[in-house]
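There are 2 protein chains.
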Amino acid sequence: MTSSPQTSAFAHPGGAAYAPKADVDVMRCLVCDIRNRSLCNSMDEEGLAALAHSSRQLLLPPGTTIVEEGEPALAFFNVTRGTVKLFKSLPDGRRQITGFADAGQFLGLSTAQTYSFGAETVDNVRLCRFLRPQLETLLSDYPTFERRLLAAVTDKLAEAQEQMLLLGRKTAREKVATFLLDRMKAFHQTANRRQEAENLASVPMTRVDIADYLGLTIETVSRTISAFRRSLLIASAENHRIRILSVATLLNIASGQKAD
Amino acid sequence: MTSSPQTSAFAHPGGAAYAPKADVDVMRCLVCDIRNRSLCNSMDEEGLAALAHSSRQLLLPPGTTIVEEGEPALAFFNVTRGTVKLFKSLPDGRRQITGFADAGQFLGLSTAQTYSFGAETVDNVRLCRFLRPQLETLLSDYPTFERRLLAAVTDKLAEAQEQMLLLGRKTAREKVATFLLDRMKAFHQTANRRQEAENLASVPMTRVDIADYLGLTIETVSRTISAFRRSLLIASAENHRIRILSVATLLNIASGQKAD
DNA sequence: GGGCAGACTTGATCTAAATCAAGGTTGCGA
DNA sequence: TCGCAACCTTGATTTAGATCAAGTCTGCCC
Numbered sequence: 001m002t003s004s005p006q007t008s009a010f011a012h013p014g015g016a017a018y019a020p021k022a023d024v025d026v027m028r029c030l031v032c033d034i035r036n037r038s039l040c041n042s043m044d045e046e047g048l049a050a051l052a053h054s055s056r057q058l059l060l061p062p063g064t065t066i067v068e069e070g071e072p073a074l075a076f077f078n079v080t081r082g083t084v085k086l087f088k089s090l091p092d093g094r095r096q097i098t099g100f101a102d103a104g105q106f107l108g109l110s111t112a113q114t115y116s117f118g119a120e121t122v123d124n125v126r127l128c129r130f131l132r133p134q135l136e137t138l139l140s141d142y143p144t145f146e147r148r149l150l151a152a153v154t155d156k157l158a159e160a161q162e163q164m165l166l167l168g169r170k171t172a173r174e175k176v177a178t179f180l181l182d183r184m185k186a187f188h189q190t191a192n193r194r195q196e197a198e199n200l201a202s203v204p205m206t207r208v209d210i211a212d213y214l215g216l217t218i219e220t221v222s223r224t225i226s227a228f229r230r231s232l233l234i235a236s237a238e239n240h241r242i243r244i245l246s247v248a249t250l251l252n253i254a255s256g257q258k259a260d
Numbered sequence: 001m002t003s004s005p006q007t008s009a010f011a012h013p014g015g016a017a018y019a020p021k022a023d024v025d026v027m028r029c030l031v032c033d034i035r036n037r038s039l040c041n042s043m044d045e046e047g048l049a050a051l052a053h054s055s056r057q058l059l060l061p062p063g064t065t066i067v068e069e070g071e072p073a074l075a076f077f078n079v080t081r082g083t084v085k086l087f088k089s090l091p092d093g094r095r096q097i098t099g100f101a102d103a104g105q106f107l108g109l110s111t112a113q114t115y116s117f118g119a120e121t122v123d124n125v126r127l128c129r130f131l132r133p134q135l136e137t138l139l140s141d142y143p144t145f146e147r148r149l150l151a152a153v154t155d156k157l158a159e160a161q162e163q164m165l166l167l168g169r170k171t172a173r174e175k176v177a178t179f180l181l182d183r184m185k186a187f188h189q190t191a192n193r194r195q196e197a198e199n200l201a202s203v204p205m206t207r208v209d210i211a212d213y214l215g216l217t218i219e220t221v222s223r224t225i226s227a228f229r230r231s232l233l234i235a236s237a238e239n240h241r242i243r244i245l246s247v248a249t250l251l252n253i254a255s256g257q258k259a260d
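First to last, the sequence lines map onto chains A and B. Residue numbering for the first sequence follows UniProt numbering, beginning at 1 and increasing consecutively. Residue numbering for the second sequence follows UniProt numbering, beginning at 1 and increasing consecutively.
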């Protein structure tokens, strides 16, 4: 159910995971390759310098804890590469993954003193960390940034509602079809060259993670994916990817149509 | 599954549901009895006048459609009395209620052109309606209001994550226990006299609504509530209320402890 | 105050997905 | 290149909750 032998994002404040030189760092946001797919696209040049100044860049290996359920909510993060999983747990270990944050997505927003969720890297992740006071200064100094964040949180809420529909009312088959299409969309938005992403879904997470995301067991996820493969709706591809052979059929299944 | 023979919140723009006199309306927000439990507590006197000017008050009977899935997102609402249900549906009619908005809660925020969810009154509801351009003006003119809205949406997102944990990983028993405790908390926050709300949960919605909220069937909800009643964990009370006889036990059940 | 519609409860049976139980695959480190 | 650990797949069986099927309760309109 869990697997983090790694360090936390806070473990070594001066450690090697951090970008080493502050002066190089002033340019970081200006030259960031995924800037325009993130919150940061609300910033002008001056704002980008302020962003770079307010944040530190972290490079984290798979299985690293970024945020721990119940710990003080000290920071806000922007994912710039890789995939992060967000989750909540019950005392006996049952876990629900509430979302995956791919490059361009933020995480760690909280109005409470402590985080109500955990976050852990799925693969190799690069992210920008903003400490809370610094984030608050940014919000006050750059109204367009605050407005953009409001829009981003509103979008996350709509996504969460969609996921509630999935968890509460969809069948295993419908859940897995929805997941694969969502991962295709995520890869499409994240991939540098659009061409190569065509009909490919990026699935860097394990079956355990997928099951905990969809409210299923790993066996049911595995069986359902196998069934889709047998029906030639999908095929395996390299690098933890899945090729969607029939988007239309999968869309029908995902939206609850009988069709298959 | 559905039940709205009533008018929509947009049906009669000049109709009787609206507060009749504009000059009385200038004071509306200033004298609002639940102001301090809502977004509006971020406003000074001048701001409250602007709020009153930017919004219209609506009084709606049970079963009225406030927002329709897929319709243009023209307005934002603040509930000031009663309970509203928010939901998403699948083409075949399966429905997931994503939340109940009680007095003091907002609804209708959307970055898309259309609403991705529906909203309908559960009982007699009073709400303030802000058209989109007016809301945007308010956000720009009153930074504290915008900051407060950001905090409110962030809280809604945390709530949604909690509900995903419930939908994906809790048993029927745990779901119903969680629901009853949440309704007790909601009533406690909404009730005028705190005393009378002690250990009472307000449950104005039908079994169908509860089932669609918890990802269960009405039969399972009914059986589970009956079982709690038989175990003397709860008892019926007047006015669609339920008295919680053992908060501690229900808390244990809700959080996944074996205890009962 | 009788009847009826909508909401709720309870019981019997069924089934989708969970659980239990073996293997099979893959990739990495010695 | 061998061995092992983590991950994944497939099959058999069980079960929590769904579905099917009657009732019962409540309040409201005539």
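In this text, a Cβ means the ideal position worked out from N, Cα and C, and glycines have one as well.
| query | result |
| --- | --- |
| Limits of the beta strand (DSSP E) - the one that Ala237(B) falls within | Ile234 to Ala237 |
| Bounding residues of the alpha helix (DSSP H) (the contiguous stretch that carries Leu150(A)) | Pro143 to Arg169 |
| Euclidean distance between Cα positions of Pro133(A) and Ala227(A) | 50 Å |
| For Ser222(A), the three-state DSSP class (helix, strand or coil) | helix |
| Whether Gln163(B) touches Met164(A) by CB criterion (7 Å) | yes |
| Which of helix, strand or coil DSSP assigns to Ile34(A) | coil |
| Contact check, Gln161(A) vs Thr98(B), beta carbons under 7 Å | yes |
| CA nearest to the CA of Ser222(B), picked from Leu232(B), Ala172(B) and Thr144(B) | Ala172(B) |
| Interface residues of chain A facing Ser246(B) [CB-CB closer than 9 Å] | Result: empty, since nearest Cβ-Cβ is about 19 Å, beyond 9 Å. |
| Burial state of Met43(B) (16 or more Cβ within 10 Å) | buried |
| Length of the line joining the Cα atoms of Leu250(B) and Ala177(B) | 6 Å |
| Three-state secondary structure (DSSP) of Arg28(B) | coil |
| C-alpha distance - Leu131(B) paired with Asn36(A), whole-angstrom precision | 30 Å |
| Per-residue contacts from Leu232(B) into chain A (C-beta, under 9 Å) | Simply none; closest approach about 25 Å. |
| Per DSSP, cross-strand counterpart(s) of Arg81(A) | Arg126(A) |
| Close beta carbons around Arg243(B), own chain, < 7 Å, minus the five adjacent residues each side | Asn199, Leu200, Ile234, Ala235 and Ala237 |
| Coarse secondary structure for Glu68(A), derived from DSSP in three states | coil |
| Beta bridge counterpart(s) of Ala120(A) as assigned by DSSP | The residue you asked about is not Ala; residue 120(A) is Glu in the sequence shown. Per DSSP, Thr65(A) and Lys85(A). |
| Chain-ordered neighbours of Gln163(A) on chain B, where CB pairs are closer than 7 Å | Met164 |
| Short CB-CB distance (under 7 Å) between Asp155(A) and chain B | yes |
| Segment limits, beta strand (DSSP E) that includes Leu58(B) | Ser55 to Leu60 |
| Under 9 Å (Cβ pairs) to chain B, residues found in the stretch 94-117 of chain A | Arg94, Arg95, Gln96, Ile97, Thr98, Gly99, Leu109, Ser110, Thr111, Ala112, Ser116 and Phe117 |
| Neighbouring residues, chain A, relative to Arg126(B) (Cβ below 9 Å) | The contacting residues do not exist; Arg126(B) stays about 24 Å from chain A at best. |
| Cβ-based burial, Val153(A) [other Cβ within 10 Å; buried from 16] | buried |
| Min CB distance Lys85(B) to chain A below 7 Å | no |
| Residue-level contact to chain B via CB, Lys175(A), 7 Å cutoff | no |
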